[in-house]
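Written below as C-alpha cells is the structure these notes are about.
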Amino acid sequence: RQHKEVEEISDAAAWIYLAQIAIQLTDSYNLNYVAGYSTTLESRVNDKNFENIYVHGGGDLGKSVFIRDFVPSALAFLLKGEGEIVIKINPDFGESAIGRVAPVDSGLWWIILLRAYGKITGDFAMQERVDVQTGIKLILNLCLSDGFDMFPSLLVTDGSCMIDRRMGIHGHPLEIQSLFYSALRCAREMLAFDEGSKNLVRTINNRLSALSFHIREYYWIDMKKINEIYRYKTEEYSTEATNKFNIYPEQIPHWLMDWIPEEGGYMIGNLQPAHMDFRFFTLGNIWSIVSSLSTPKQNNSILNLVESKWDDLVGHMPLKIVYPALELEEWRIITGSDPKNTPWSYHNGGSWPTLIWQFTLACIKMGRIELARKAVDLAEKRLHADHWPEYYDTKSGRFIGKQSRLYQTWTIAGFLTSKMLLENPEKASLLFWEEDYDLLEICVCGLSKTGRKLCARVAAKSQILV
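Below, the structure written as C-alpha cells:
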C-alpha cells in the first residue's frame, strides 16, 4: 500500500511538472504556437505558480528545444496522445553548445524521433513533406560522405553525444554507432523511393550490412573474447591476421578480468587501431539492443551482465552512464582535470535516471520486463522526494549530483515514458527494431581473404543469427 501511494504521488507530480513545460510550450495548452522549451526548469514559488519559471541553461522562453534532451519528453507526449506538441517544436542542434562540441547525435535523434512520431500517431504526412525528406537526405549525406576513415563506423570528435565533455570517446564511440545504425534503418523506412533516392538507399543498405558485422564482430567482448585478446599475437601483417587492429594484450584492464561474468558480455566503448576502450557505456549497449545492432544472443548477454552487476551499474539509482569512472592520473589526462567530471560524478560514472526509458524499452523487447520494473520501482522511491535531479553521484548513485539541476525535464519525462511503456508493453514494439535478415543478401563486410568481395552468406549468417 505504501509503495502504491508513492507511485501515485510520483506519477501525478511528474505530469504536473511536464504540464508546466507544455504550458510554456503551447500558449496555455491551446497548441496555437510553441513558445519554447528547455532542458531544465524550476518553479521559484511552488507547483501551482505556472507563470514564474526559471530556465537554467536554455536562455529565455521562446528559444528552441535541444533535440537530444527533448526526445524523452517527445515520447511521453506522444504516448499520452499529445503529438501536436512534438511537431511544433523549433529544433536546436547545438549551435551554442558549451565548448562548441559537435553534437553528432542530434541529427540522428531527429530522424529516430521522426519515425517514432509516425509509428505512434499513424500520421505519416510529416515524413512525406519535401522539406523533411530533404532534411533526412542532408543528414545522411553528411554521415555517409567519403573520408579517410577505414571503417564503416562513424568517426567523430570527443563530446559528440550525450557525453558532451572530454571523456576520451573521440574515434568511433559505441553510442554514436548504435544511433547511426538505427537512424539509417529509420531513414530507409521513411525515404520516398524514387530515382532521386535510389542510390542513397543502396548506400544505406551497404552501410547497414557492413556496420552491423563490424560492431558485432569487433566490439563484442565476453569471457571467451577477453581470453582470446589476452593471447593475441601482435604486429600481424596479412589479410588473415587474427589481431586485425593490433591490440596489445596489456591493454586489458585488471578490473575487467575479475568483473566480467561467465554468462554476460557487452559492447566495448570504442575501437581504433591499437586501442580498445573497455569501459561499459550504458546508452550505447542499451541502444544496440533496441536497434538490433547486436545479435539476439548478444542482447540477452548484455542484460545478463546488467542483472549480474546490478550493484555496479544500477546501485541506488539507475543507471550508470559509464562504468568504471576515470580516476587519478587517467582522469587528469583524459578529462583535462574537468572539475565537473570528477570520479563517479556527472559523465564520469554518474547515475542518470533519464536512461531508464531506453533500458525499459530494451528489456521489453527481450522479454525481461521484470528487470525494467525493478529499475523503475527503485527510481520511483527517490525521484519525487529528491525533486527530480539531473544525475546522482558516488559509486552507488546514493547522493544527488553536486551540480545536479533539479526538476530536470528529461529525468521526469524518462520516468513517465518508462511507466507508460510498462503499462502498455505493446507500444514498445513501435519504438524498437527486429533483426533485418535482408541484410544477409547484400553483406559487404569484407569477410573474404582479399577483403574486396561479397562475403559468403553462411559466414554472414553466423554473425546475424547467433
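If you're matching positions, the sequence shown starts at 1 in UniProt numbering and goes up one per residue. All C-beta atoms in this analysis are idealised placements derived from N, C-alpha and C, irrespective of residue type, glycine included.
Three-state secondary structure assigned by DSSP to residue i
{"i": "ALA14", "result": "helix"}
{"i": "VAL101", "result": "coil"}
{"i": "residue 530", "result": "Summary: the structure shown does not reach residue 530, with the chain confined to residues 1 through 466, and so no result is reported for it."}
{"i": "PRO343", "result": "coil"}
{"i": "ILE89", "result": "coil"}
{"i": "ILE247", "result": "coil"}
{"i": "ASN424", "result": "coil"}
{"i": "SER351", "result": "strand"}
{"i": "ASP194", "result": "coil"}
{"i": "PHE124", "result": "coil"}
{"i": "TYR230", "result": "helix"}
{"i": "TYR437", "result": "helix"}
{"i": "PHE151", "result": "coil"}
{"i": "TYR391", "result": "coil"}
Cα-Cα separation between residue i and residue j, rounded to whole angstroms
{"i": "ILE334", "j": "GLN358", "result": "28 angstroms"}
{"i": "ALA116", "j": "TYR346", "result": "29 angstroms"}
{"i": "LEU305", "j": "PRO261", "result": "7 angstroms"}
{"i": "TYR391", "j": "ILE412", "result": "12 angstroms"}
{"i": "ALA375", "j": "ALA241", "result": "43 angstroms"}
{"i": "ALA125", "j": "ILE289", "result": "29 angstroms"}
{"i": "TRP344", "j": "ALA379", "result": "18 angstroms"}
{"i": "VAL201", "j": "ARG188", "result": "6 angstroms"}
{"i": "ASP393", "j": "ILE321", "result": "11 angstroms"}
{"i": "LEU79", "j": "GLU423", "result": "11 angstroms"}
{"i": "GLU307", "j": "SER396", "result": "15 angstroms"}
{"i": "GLY349", "j": "LYS297", "result": "27 angstroms"}
{"i": "HIS387", "j": "SER404", "result": "11 angstroms"}
{"i": "ASP258", "j": "MET167", "result": "24 angstroms"}
{"i": "TYR248", "j": "MET150", "result": "20 angstroms"}
Residue span of the beta strand (DSSP E) that contains residue i, given as start and end
{"i": "GLN408", "result": "Taken as a continuous stretch (DSSP letters only), GLN408 belongs to no beta strand (DSSP E), as it is neither H nor E."}
{"i": "ASP222", "result": "220 to 222"}
{"i": "ASP277", "result": "275 to 277"}
Boundaries of the alpha helix (DSSP H) in which residue i is found, first to last residue
{"i": "TYR266", "result": "Per DSSP, TYR266 belongs to no alpha helix (DSSP H); it is in the beta strand (DSSP E), 265 to 267."}
{"i": "MET257", "result": "254 to 259"}
{"i": "LEU383", "result": "Segment: none, LEU383 is in no alpha helix (DSSP H) and carries neither H nor E."}
{"i": "GLN272", "result": "Looking at the DSSP string, GLN272 is not in any alpha helix (DSSP H); the run it does join, the beta strand (DSSP E), is 270 to 272."}
{"i": "MET317", "result": "Element bounds for MET317: n/a, residue is neither H nor E."}
{"i": "ASP311", "result": "310 to 313"}
{"i": "ARG368", "result": "Where ARG368 is concerned, there is no enclosing alpha helix (DSSP H), given that its DSSP letter is neither H nor E."}
{"i": "THR242", "result": "Neither: THR242 is in no alpha helix (DSSP H) and is coded neither H nor E."}
{"i": "TRP433", "result": "Looking at the DSSP string, TRP433 is not in any alpha helix (DSSP H), and its letter there is neither H nor E."}
{"i": "VAL130", "result": "130 to 144"}
{"i": "GLU330", "result": "328 to 335"}
{"i": "ASN290", "result": "Per the sequence shown, residue 290 should be read as Val rather than Asn. Here the alpha helix (DSSP H) through VAL290 covers 282 to 291."}
Residue j beta carbon less than 7 angstroms from that of residue i
{"i": "MET366", "j": "ASN285", "result": "no"}
{"i": "LEU191", "j": "LEU208", "result": "no"}
{"i": "TYR218", "j": "LEU271", "result": "yes"}
{"i": "ILE139", "j": "GLY159", "result": "no"}
{"i": "PRO389", "j": "LEU416", "result": "no"}
{"i": "ILE176", "j": "VAL156", "result": "yes"}
{"i": "ILE120", "j": "LEU326", "result": "no"}
{"i": "GLY269", "j": "PHE281", "result": "yes"}
{"i": "ALA210", "j": "PRO152", "result": "yes"}
{"i": "residue 467", "j": "LEU293", "result": "An answer regarding residue 467 cannot be provided, because it is not within the stretch 1 to 466 covered by the chain."}
{"i": "ASN243", "j": "TYR232", "result": "yes"}
{"i": "CYS161", "j": "ILE111", "result": "no"}
Q | Uninterrupted alpha helix (DSSP H) stretches inside the region 162 to 187 (no shorter than 4 residues) | A | none
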